[in-house]
Amino acid sequence: MRIVEHPILDELDTTKKVTIYCDGQPVEALEGEPIASALMNAGIRSFRYTVKRHEKRGIFCAIGRCTDCMMIVDGVPNTRTCVTPVRDGMHVKTQDGLGSFEQKEEAK
Amino acid sequence: MKIKEVDVAIVGAGSAGLSAAYQAATAGAKVLVMDENRLPGGQLFKQIHKFFGSRAHQAGTRGYVIGQQLLERVEKSGAEVWLNTLVYGMQKDCSLGVIHDGEHYVVKAKKVIIATGAKENYLAFPGSTLPGVMGAGAAQTMINVNRVLPGQRIMMLGSGNVGLIVSYQLMQAGADVVALVEAAPGIGGYGVHAGKIRRAGVPFYVSHTIKEVIGKDEVEKVTIVQVDSKFQQIPGTEKTFDVDTLCLAVGLNPMTELIWMAGCEFCFIPAFGGHVPLHDRNMETSVAGLYVAGDVTGVEEASSAMEEGNMAGVAAAEALGYLSAEDAAAKKAEITGRLNTLRSGQFGEKRRVAKEQQLQYMADYQAKKGGSL
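The listed protein sequences correspond, in order, to chains X and B.
Here the numbering used here is used: the first residue of the first sequence is 797, the next is one more, and so on.
Here the numbering used here is used: the first residue of the second sequence is 47, the next is one more, and so on.
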């Protein structure tokens, strides 16, 4: 959920919107925000499956260190979505295991 | 592969790195600051609370305002700032492997200052990998920088200042903080922060820990359990809460990877979050010309990080001849005075003792090496 009004911070400017696609579904995003932020706002909290146990993972550190939020972004696997800004028309895919550049994964 | 040559290269554009850049650049050095993020300021811009300390430390000013002021000073100082820039390695001669604007660079600097900060600790328990379990700092980034709520009903584990402050800021952002859980028998952080969330009606569970997180695809419930004086779970004391998010505020550890690469000597100081690079009062490490500043030298807080950055910047400028010994000594005395103030009182005292211990390790190392590096 977006935090527009805030007791300390200025009102959030929500006028500049772009659209990204998560596993094919359109997701509204604010220009310049990280991918993970747009997904979380849309209620998407599971970003990838682990290699060995095929478990779901989401955001852990949100500053680009832990790599729990990696997805396939415009065909590039292992992209840290918490520090990668959105771009209009961007395609992000849930990553299964290590991911691959061939984009063999189908949308989950 | 391009070569970039500067007097002082600084890795990390947060509290410490920007302060170091300001000091070195205003003294006349050619300074380059690099940061992986698209915005400078490190973690300062998520700190929306008022800082403590004396007026010299801008007590009463909110963290992000301090960040804006620091940025303005650095911009005027003439220091060059490269953002979206990855520093992936450091050679023994302190030259840096860098990717900037998609191009490879080797940055060669006469002095290098590492100010890479710290990252959050993790804690393992059943269900700890489910989406919805995250660092408290991650939740703080989400609400204060990205302006998105990570969840609606949140449990916080850890009652140090991070756990307390982020709990309050989650409530300011519109979330319900359902419970604050602490394994120790008492609250870890400042009473003034604890009081604010206590008055807001958040129940505190001290001597409790997480037993398990329950959920199919993400966090749905969390069960906590009381612990005895040896932190062992007491069966029959479990309580289960409906929450969608669990935040872990269980400390931080220094991001020292680059410093290890350069071959620095380290010591282990639990109060500082783990292994920290040996350094002297000038913030210079066991590798000549390599300086460190901020949380990477041991986890403290933003004001101390800024002062350590100031110290490293002044020392590097002096070593390069941009500051006279007298001018440098005067600046260092002021900085040391402010650091001593920050490292005093009930909470600061522990950090002062830890820093003295680290300095002693460094002195021992230097003596072993023959007194000079």
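No residue lacks a Cβ here, since even glycine has one placed at the ideal position from N, Cα and C.
| Query | Result |
| --- | --- |
| Residue-level contact to chain X via CB, residue 346(B), 8 Å cutoff | no |
| Helix, strand or coil at residue 107(B) [DSSP, three-state] | coil |
| Residue 236(B) versus 230(B), 206(B), 62(B), residue with shortest Cα-Cα distance | 206(B) |
| Contact between the stretch 812-825 of chain X and the stretch 111-120 of chain B (3+ Cβ pairs under 8 Å) | no |
| Limits of the beta strand (DSSP E) - the one that residue 804(X) falls within | Per DSSP, residue 804(X) belongs to no beta strand (DSSP E) and is neither H nor E. |
| Any 3 or more C-beta pairs closer than 8 Å across the stretch 315-325 of chain B and the stretch 257-273 of chain B | no |
| Residue from 350(B), 403(B), 135(B) with nearest C-alpha to residue 386(B) | 350(B) |
| DSSP bridge partner residues for residue 822(X) (one or two, in chain order) | 817(X) |
| The stretch 160-172 of chain B in contact with the stretch 233-249 of chain B per 3-pair CB rule at 8 Å | no |
| Proximal residues to residue 891(X) (C-beta, below 8 Å), its chain only, five neighbours per side dropped | 843, 844, 845, 866, 867, 868, 873, 874, 901 |
| Cβ pair count under 8 Å reaching 3, the stretch 60-67 of chain B against the stretch 335-343 of chain B | yes |
| Neighbour flag for residue 145(B) against chain X, beta carbons, 8 Å | no |
| Sequence ranges, alpha helix (DSSP H) only - wholly within the stretch 160-208 of chain B, length at least 4 | 182-190 |
| Rounded straight-line distance, which links the Cα of residue 331(B) to that of residue 40(B) | Outside the displayed range of chain B (47 to 419) lies residue 40(B), so it cannot be described from this structure. |
| Own chain residues within Cβ distance below 6 Å of residue 188(B), not counting five before or after | 194, 196 |
| 8 Å Cβ cutoff, residue 886(X) in contact with chain B | no |
| Host beta strand (DSSP E) of residue 887(X) (start-end) | 887-889 |
| Coil, strand or helix - residue 841(X) by DSSP | coil |
| Residue 253(B) versus 363(B), 396(B), 277(B), residue with shortest Cα-Cα distance | 277(B) |
| Beta-carbon contacts of residue 85(B) that lie in its chain and below 8 Å, excluding the five residues immediately before and after | 91, 129 |
| Buried or exposed (CB count within 10 angstroms, at least 16 for buried), residue 358(B) | buried |
| Close-in-space but distant-in-sequence residues of the same chain around residue 880(X) (CB under 7 Å, 5 per side omitted) | 830, 831, 869 |
| Rounded straight-line distance, which links the Cα of residue 159(B) to that of residue 384(B) | 21 Å |
| Continuous alpha helix (DSSP H) stretch holding residue 305(B): start and end | 303-307 |
| 3-residue-minimum beta strand (DSSP E) runs that sit fully inside the stretch 324-368 of chain B, ordered along the chain | 336-338 |
| Where residue 184(B) meets chain X, residues with beta-carbon distance less than 9 Å | 855, 856, 857, 858, 859, 862, 878 |
| Contact set between residue 894(X) and chain B, taken where Cβ atoms lie within less than 7 Å | Under the 7 Å cutoff, chain B gives no residues; its nearest Cβ is about 17 Å from residue 894(X). |
| Interface residues of chain B facing residue 822(X) [CB-CB closer than 9 Å] | Under the 9 Å cutoff, chain B gives no residues; its nearest Cβ is about 17 Å from residue 822(X). |
| Chain X within 8 Å of residue 111(B), Cβ atoms only | no |
| C-beta contact flag for residue 57(B) and residue 77(B) at 8 Å | no |
| Assumed close pair residue 154(B), residue 49(B) - CB separation to whole angstroms, cut-off 8 Å | 6 Å |
| Proximity test, Cβ basis, 8 Å: residue 154(B) and chain X | no |
| Neighbour-count burial assignment, residue 804(X), 16 or more Cβ in a 10 Å radius | exposed |
| Chain X contacts from the stretch 198-232 of chain B (Cβ-Cβ distance under 8 Å) | 198, 218, 219, 220 |
| Euclidean distance between Cα positions of residue 396(B) and residue 354(B) | 17 Å |
| Per-residue DSSP class, three states only, for residue 228(B) | strand |
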